[in-house]
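Numbering (our numbering), first residue to last: 31 to 467. A virtual CB, placed ideally from N, CA and C, is assigned to each residue, including glycine. If you're wondering where the values come from, they're calculated on a predicted model, not measured in any experiment.
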Amino acid sequence: MNDCPRVSIKSIGHYDGQTVRLSGWLYNLRRSGKIAFPILRDGTGFLQCVAVKAELPESTFEALRELTQESSLTVTGKVRAESRAPGGYELDVQEVTIHQRIPEEDPYPITPKEHGIDFLMDRRHLWLRSKRQFAIARIRHEVIRAVRDFFDDNGFTLVDCPIFTPAACEGTSTLFEVDYFEDEKVYLTQSGQLYNEANAMALGKVYCFGPTFRAEKSKTRRHLTEFWMVEPEMAYATLEDVKELAEGLVCSIVARVLDRRREELKILERDTSKLETVKGPFPRMSYDEAVKILQGKGSTIEWGTDFGNTDETLLTEGYDRPVMVDRYPTEIKAFYFEPDADRPELALGVDLIAPEGYGEIIGGGQRIHDLNLLLKRLEEHKLPREAFEWYVDLRKFGAVPHGGFGMGIERTVSWMCGLDHLREAIAYPRMLYRTRP
RNA sequence: UCCUCGGUAGCUCAAUGGUAGAGCAUUCGGCUGUUAACCGAAGGGUUGUAGGUUCGAAUCCUACCCGGGGAGCCA
């Protein structure tokens, strides 16, 4: 029987009627005196097995019947189509090899019952085995694949940017200082954008994808201290090109997740009708218009300030897809934004705000390409010219209009999955008061 | 950093200032189609820590520790 095929739960449907081997962990066990229903998980799915006492050696049946949650085992048995099973198939057990049996004295702590968030977060390394976390991990993987495919298929070259950086992209207040390098203060990156601009001048269309660190004392369900961001940057591009790219990317991600991760969305009980409508063109509005709309809806926002979280939710209200807001006051944006030619007090930046209260998932725009303007901005923002010398070079040697954006992976995954907290969108979230495991 | 809520059995939670309890988990017994399986029984507690008020504190007061949510900031 050892020569029967070793299969994964995901592909079990191809082996109907055949005897196969399945290796995994005991997810749950229901049993009576003469029949037992062990549910196995193997990282590709969940499958209920059926062990009938009368059809098995006494020792095999008893070993299985007395098995504990999350013990590791290999089961040999016959695949059978079963209309009562959630996945359509079951496995009739013939042989069992137990690799490790978890003793009753020190059982697996995460039972199929309810647990509090503190308890689960302390056991994040085990919590990942749960069905819900399994589904989220697979959707995150699909989102990332969709992102890479989108850029790869549209002529972008991946050029990853450094994580140790000598200067801030947007001010030093939220940077993590690294005390190691001699002669120089070095920080953990909060964006690869500045390097991306250099890369775009070399390769035209580029993107980087990696971790980002923000030393913000944020303590909300929308913030992580360490998160992943994908950042495209294009040479010879305007604000309109950036908006079109952002829209195309988001549509492509949503379509891909709907196409390939139906099972996982179902596990999460995600209302997919709210994703089906996410198609271009997205509603577009200027910051001016957005402020008027918000004031009309009772927000206390005033022109010249940034949106709060409730403002973002209000803005997308009544829309079944993300909303793009552009042309923000220069005052509240980073130093590198190109000003609007007609109204220099506005920056050619754009934010993409996801519906259902998920807020800003993309922020970007057109960058300054004029040398003198950039020098002026560096001065206004009191940024050290020396650290930005190489960045200034880009405006000295063949400067062109260019732009791009950053998209937060965890916020996007949260939106796709319908999560109510960012911490579930990454395997090991790093937050203000949580750095373990 | 500020505001706010919370900490009781392994877990999730109850308990008017007056004998600390339930469900689940665990152990034992029963059950051949269970879907968070079910039924019966048993064991399981320094009520986050330190102090105070009181005849008496899980409960009221003070300080501290730990965590949840939110604000600002941002993806």
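- Counting only runs of 3+ residues, the beta strand (DSSP E) found wholly inside the region 339–425 occupies 353–359, 376–384 and 389–397, in chain order.
- With a threshold of 16 other beta carbon atoms within 10 Å, Gln130 falls short and is exposed.
- Distance from the CA atom of Asp336 to the CA atom of Asp381, rounded to whole angstroms, is 11 Å.
- Two segments are said to touch when three or more pairs of C-beta atoms, one from each, lie closer than 8 Å; by this definition the region 189–196 touches the region 209–227.
- The beta-carbon distance between Leu52 and Asp72, rounded to whole angstroms, is 7 Å. This is short enough to meet the 8 Å contact definition.
- Rounded to whole angstroms, the gap between the alpha carbons of Gly54 and Thr104 is 6 Å.
- If you keep only unbroken alpha helix (DSSP H) runs of at least 4 residues inside the region 157–240, you get 161–183 and 223–233.
- Exclusion of the five residues before and after Asp271 leaves Met264 and Gly433 as the residues of its chain whose Cβ lies within less than 8 Å of its Cβ.
- Distance from the CA of Ser102 to the CA of Asp183, rounded to the nearest whole angstrom, comes to 41 Å.
- Here the alpha carbons of Asp356 and Glu293 stand approximately 36 Å from one another.
- Inside the region 247–307, DSSP marks whole beta strand (DSSP E) runs of 3 or more residues at positions 256–265, from first to last along the chain.
- Within the same chain, and ignoring the five residues on either side of Arg36 in sequence, the residues whose Cβ sits closer than 8 Å to its Cβ are Val50, Arg51, Leu52 and Ser53.
- Rounded to whole angstroms, the separation of the alpha carbons of Ile439 and Ile174 is 8 Å.
- Per DSSP, the beta-bridge partners of Trp55 are Arg71 and Ser102.
- Inter-segment contact for the region 319–332 and the region 278–295 is absent: fewer than three beta-carbon pairs are separated by less than 8 Å.
- According to the DSSP assignment, Tyr119 belongs to the beta strand (DSSP E) that extends over Tyr119 to Gln130.
- Within the DSSP bridge table, the entry for Ser316 names Asp356 as partners.
- Only buried fits Ala230, as 16 or more other CB atoms lie within 10 angstroms of its CB.
- The alpha carbon of Val80 has as its nearest neighbour, out of Arg60, Leu376 and Lys161, the alpha carbon of Arg60.
- Counting only residues of its own chain and dropping the five nearest sequence neighbours on each side, Val208 has a CB closer than 6 Å to the CB of Val216.
- Residue burial is scored here from C-beta neighbours: Trp420 has fewer than 16 other C-beta atoms within 10 angstroms and is therefore classed as exposed.
- For Val443, the uninterrupted alpha helix (DSSP H) run begins and ends at Ile439 to Cys447, by DSSP.
- Apart from sequence neighbours up to five positions away, the residues of its chain that approach Ile283 with a beta-carbon distance below 6 Å are Val173 and Ala176, ordered along the chain.
- Between the alpha carbons of Glu120 and Gln78 lies a distance of about 6 Å.
- Taking the Cα of Ser89 as reference, the smallest distance to any Cα among Val109, Gly118, Ile128 and Leu345 is reached at Ile128.
- In the three-state DSSP reduction, His451 falls in the coil class, being neither helix nor strand.
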